[in-house]
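Visitor: Below is the structure I would like to discuss, written out as C-alpha cells.
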Amino acid sequence: MADQPYQPPRVRTIIAAVTLFTALLIVLCLLSEVVKLVGSPFLYIPARLGLVQLVTRDEVRAFDLASGATVLDFTRPGRYAVFTIDYDLLVLTDGVLSAHAAPWLKLKAQGTGQSVAISFIERGLRPYDTPLAKGRPIFTFYIEDPGRYVMTYPARNATVFVVPDYTTGKEKTIALAYLLQIAAIGLFLTVLFYPRLRRYWVYQRRIAAERRQKRIEADAFWQTEIRRRKEE
Numbered sequence: 018m019a020d021q022p023y024q025p026p027r028v029r030t031i032i033a034a035v036t037l038f039t040a041l042l043i044v045l046c047l048l049s050e051v052v053k054l055v056g057s058p059f060l061y062i063p064a065r066l067g068l069v070q071l072v073t074r075d076e077v078r079a080f081d082l083a084s085g086a087t088v089l090d091f092t093r094p095g096r097y098a099v100f101t102i103d104y105d106l107l108v109l110t111d112g113v114l115s116a117h118a119a120p121w122l123k124l125k126a127q128g129t130g131q132s133v134a135i136s137f138i139e140r141g142l143r144p145y146d147t148p149l150a151k152g153r154p155i156f157t158f159y160i161e162d163p164g165r166y167v168m169t170y171p172a173r174n175a176t177v178f179v180v181p182d183y184t185t186g187k188e189k190t191i192a193l194a195y196l197l198q199i200a201a202i203g204l205f206l207t208v209l210f211y212p213r214l215r216r217y218w219v220y221q222r223r224i225a226a227e228r229r230q231k232r233i234e235a236d237a238f239w240q241t242e243i244r245r246r247k248e249e
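Using our numbering, read the sequence shown as starting at 18 and increasing by one per residue.
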C-alpha cells in the first residue's frame, strides 16, 4: 500500500486545539474557584428552606498581610473562617499544621487583650465553600463577644479573606441536600433523554443485526462459489 501524502493540519483544527488547551489550562489554574462556582447553586434550595445560611458579599472582608496587623470589627458573635488563594501561604499553613505548631495567625480583643482560639481547618476545598472568598479555608475561630479585635500575622505580600462560617457542623445536611438535588437532576435528564436514547439503541441494534445478516449471506455466497469452482 502506498504511503499517503502528508497533509498539514487545517487552520480551523489548530485554532480549535489551541482554544481547548487554553480553556483546560484556565480551568486547572482556577480549579478551586470552578469547584465552588459549580457547587454554589446547589446551596440555593437549602438556603431557601432555612437549612443553611449563605455568606453575603458585604460579609466578606479582604485585607493584605503586608501591614502585619489589622483591626477587625465583629458586630455579631459566631464562627468565622479565614480563606486564602495564595500558594505560598497555603504551603506555609500546611507545613505549620504538619509540624503540630501553633497557627501563625493571632487574634486578640482590642480592649481586653483576651486571645481568641484559632484552629486549623484540616480539610481541603469543598463545593459548598463560599465563592465570594477566593481560595480555600485555612483557619476558623469563634467570636463570643462582638467588638473590635486585632489580628496579627507575619507580614507578607498575600491576601486573606475573613467570612462567617455557616457550614461547620452542617456538613451532613449539606451533603444530603447535594445528593438529593443531583439525584433529582439525574432523574429529570433520564426522563427527558431516555426515549431518544432508547430509539437510538434500537436503531443501532437493528443496524448491527442487518450487518450480521449481510455478513452471513456473504459468507454463504462465497462458500457456495468455492464449492462450485472445486466441482468444476
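Every residue gets a Cβ at the ideal spot worked out from N, C-alpha and C, and that includes glycine.
1) Which word fits T147, buried or exposed, when buried means at least 16 other C-beta atoms lie within 10 angstroms of its C-beta?
2) With a threshold of 16 other CB atoms inside 10 Å of the CB of G128, please say whether the residue is buried or exposed.
3) What do you get for D182, buried or exposed, if any count of 16 or more other CB atoms within 10 angstroms of its CB means buried?
4) Which residue marks the beginning of the beta strand (DSSP E) containing R65, and which one marks its end?
5) Please classify V179: does DSSP put it in a helix, a strand, or coil?
6) Do you know offhand how far V208's Cα is from A83's?
7) Grab the span of the beta strand (DSSP E) containing D105 for me, first residue to last.
8) Decide yes or no for the touch test of the stretch 135-150 against the stretch 70-86: beta carbon pairs closer than 8 Å, at least 3 of them.
9) What does DSSP give as the partner residues of T169 in its beta bridges?
10) Please state if the CB of A175 and the CB of G85 are separated by a distance shorter than 8 Å.
11) Which two residues bound the contiguous beta strand (DSSP E) that contains R153?
Guide: Straight from the coordinates:
1) In the sequence shown, the residue the question calls residue 147 occupies position 130. Answer is buried; the Cβ neighbour count reaches 16.
2) Residue 128 sits at position 111 when you count from the first residue of the sequence shown. Exposed.
3) Reading the sequence shown from its first residue, position 165 is the one you call residue 182. The residue in question, D182, is buried, as its Cβ has 16 or more Cβ neighbours within 10 Å.
4) Translated into the one-based positions of the sequence shown, residue 65 becomes position 48. Premise fails: R65 lies in the alpha helix (DSSP H), Y61 to R65, not in any beta strand (DSSP E).
5) Translated into positions along the sequence shown, residue 179 becomes position 162. Here V179 sits in strand by DSSP.
6) On the sequence shown, position 191 is the one that residue 208 refers to. On the sequence shown, position 66 is the one that residue 83 refers to. Roughly 55 Å between the two C-alpha positions.
7) What you label residue 105 is simply residue 88 of the sequence shown in a count that begins at 1. Where D105 is concerned, there is no enclosing beta strand (DSSP E), although the alpha helix (DSSP H) it sits in stretches over Y104 to S115.
8) yes
9) To locate residue 169, count along the sequence shown from 1; it is residue 152. T169 is bridged to A86 and K123.
10) What you label residue 85 is simply residue 68 of the sequence shown in a count that begins at 1. What you label residue 175 is simply residue 158 of the sequence shown in a count that begins at 1. Going by C-beta atoms, G85 is not nearer than 8 Å to A175.
11) Translated into positions along the sequence shown, residue 153 becomes position 136. Start and end: R153 to I160.
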